[in-house]
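J.: Okay, so the sequence shown: first residue is 1 according to my numbering, each after it adds one.
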Amino acid sequence: MRLFIFIFAVFCATGLRADQPSDQEIAQLESCVSYSSDAPLARNVELCRDITFQACIGNTTQTTLAIENCMDRTHKAYDVLLNKWWAPMKANAQAKGTWDQLLGRQRQWIKDRDAACEAAYRSSGGGASRNIDYLNCMITRTAERATEFYYTLYN
């Protein structure tokens, strides 16, 4: 019985880690954003947003659940970059005395993103496609914001 519980615990822990983007996937995404930074922001997002998804989906069966998990992983990869680039954005804003404005804009962006993605979910009707529409919105919005941060910091 103990062996069964141990194997189950290891399996669950491994499954949870599998849904997180790897450091390598995040580095590849960051490299793409950096390499494509001469392109307009929307084009950069278009060029880079599928890197994590394609790496993930290539290693799974293409079920709806697998697609949703890979989309979530892609969103999380961009979220890691967004948080990474938030720290220097914050430091720059504090140095310039514009911290309150940046914080207000970021809070509003979060509200707007969440509202837009909830609307995408609701407008999809029923079925599994609504989760995909929601995740697509989250990826797009977060990718745009992370790339905007990168452009502000390094271009």
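For each residue, glycine too, the CB sits at the ideal point set by N, CA and C.
(1) To which residues of the same chain is cysteine 117 closer than 6 angstroms at the C-beta, ignoring the five residues directly before and after it?
(2) How would you call threonine 140, buried or exposed, if buried means at least 16 neighbouring beta carbons within 10 angstroms?
(3) Round the Cβ separation of cysteine 70 and phenylalanine 53 to the nearest angstrom and send it over; I've been treating them as touching at under 8 angstroms.
(4) Could you check the C-alpha separation between leucine 65 and tyrosine 121 for me, to the nearest Å?
(5) Using alpha carbons as the reference points, say which of Val45, Glu30, Asp112 and Asn44 lies closest to valine 80.
(6) In angstroms with no decimal places, state the Cα-to-Cα distance between glutamine 101 and glutamine 62.
(7) Is the beta carbon of leucine 41 sitting closer than 8 angstroms to the one on proline 88?
(8) Could you tell me the alpha carbon to alpha carbon distance between lysine 90 and isoleucine 110, rounded to whole angstroms?
(9) Can you look up aspartate 79 in the DSSP assignment and give me helix, strand or coil?
(10) So for glutamine 20, helix, strand or coil by DSSP?
(11) When we look at the beta-carbon of arginine 43 and count the other beta-carbons within 10 Å, is it buried (16 or more) or exposed?
(12) So, serine 37 versus leucine 47, is the Cβ gap smaller than 8 angstroms?
(13) By a C-beta neighbour count over all protein chains shown, 10 Å radius and 16 as the cutoff for buried, is alanine 119 buried or exposed?
(14) Between Glu68, Phe149, Arg107 and Ala93, which lies nearest to asparagine 127 when the distance is taken from Cα to Cα?
(15) Residues in its own chain within less than 6 angstroms of arginine 130 by CB, not counting five upstream and five downstream?
T.: The relevant details are as follows:
(1) Counting from 1 along the sequence shown, the entry for residue 117 is found at position 117. Closer than 6 angstroms at the Cβ level, and outside the excluded window around cysteine 117, lie Tyr134, Cys137 and Met138.
(2) Counting from 1 along the sequence shown, the entry for residue 140 is found at position 140. That one is buried.
(3) Against the sequence shown, residue 70 aligns to sequence position 70. Against the sequence shown, residue 53 aligns to sequence position 53. Approximately 5 angstroms separates the beta-carbon atoms of cysteine 70 and phenylalanine 53; this is inside 8 angstroms, confirming the contact.
(4) Here the question's residue 65 lines up with position 65 in the sequence shown. Here the question's residue 121 lines up with position 121 in the sequence shown. If I take the Cα positions, the gap works out to 16 angstroms.
(5) If you number the sequence shown from 1, residue 80 lands on position 80. The option with the nearest alpha carbon to valine 80 is Glu30.
(6) Position 101 of the sequence shown, counted from the start, is the residue given in the question as residue 101. Position 62 of the sequence shown, counted from the start, is the residue given in the question as residue 62. Taking C-alpha positions only, glutamine 101 is separated from glutamine 62 by approximately 43 angstroms.
(7) What you label residue 41 is simply residue 41 of the sequence shown in a count that begins at 1. What you label residue 88 is simply residue 88 of the sequence shown in a count that begins at 1. Taking C-beta atoms as the reference points, leucine 41 and proline 88 fail to come closer than 8 angstroms.
(8) The residue you call residue 90 lines up with position 90 of the sequence shown. The residue you call residue 110 lines up with position 110 of the sequence shown. Spanning the two alpha carbons is a distance of roughly 16 angstroms.
(9) Here residue 79 refers to the residue found at position 79 of the sequence shown. Aspartate 79 falls in the helix class under three-state DSSP.
(10) Residue 20 sits at position 20 when you count from the first residue of the sequence shown. Here glutamine 20 sits in coil by DSSP.
(11) In the sequence shown, counting from the first residue as 1, residue 43 sits at position 43. That one is exposed.
(12) Here residue 37 refers to the residue found at position 37 when the sequence shown is read from its first residue. Here residue 47 refers to the residue found at position 47 when the sequence shown is read from its first residue. Taking C-beta atoms as the reference points, serine 37 and leucine 47 fail to come closer than 8 angstroms.
(13) Position 119 of the sequence shown holds residue 119. With fewer than 16 other Cβ atoms within 10 Å, it is exposed.
(14) The residue labelled residue 127 in the question sits at position 127 within the sequence shown. Position check: residue 127 holds glycine in this sequence, whereas asparagine was assumed. Nearest option by C-alpha distance: Glu68.
(15) Mapped onto the sequence shown, residue 130 falls at position 130. Cβ within range, chain order: Tyr121 and Ser124.
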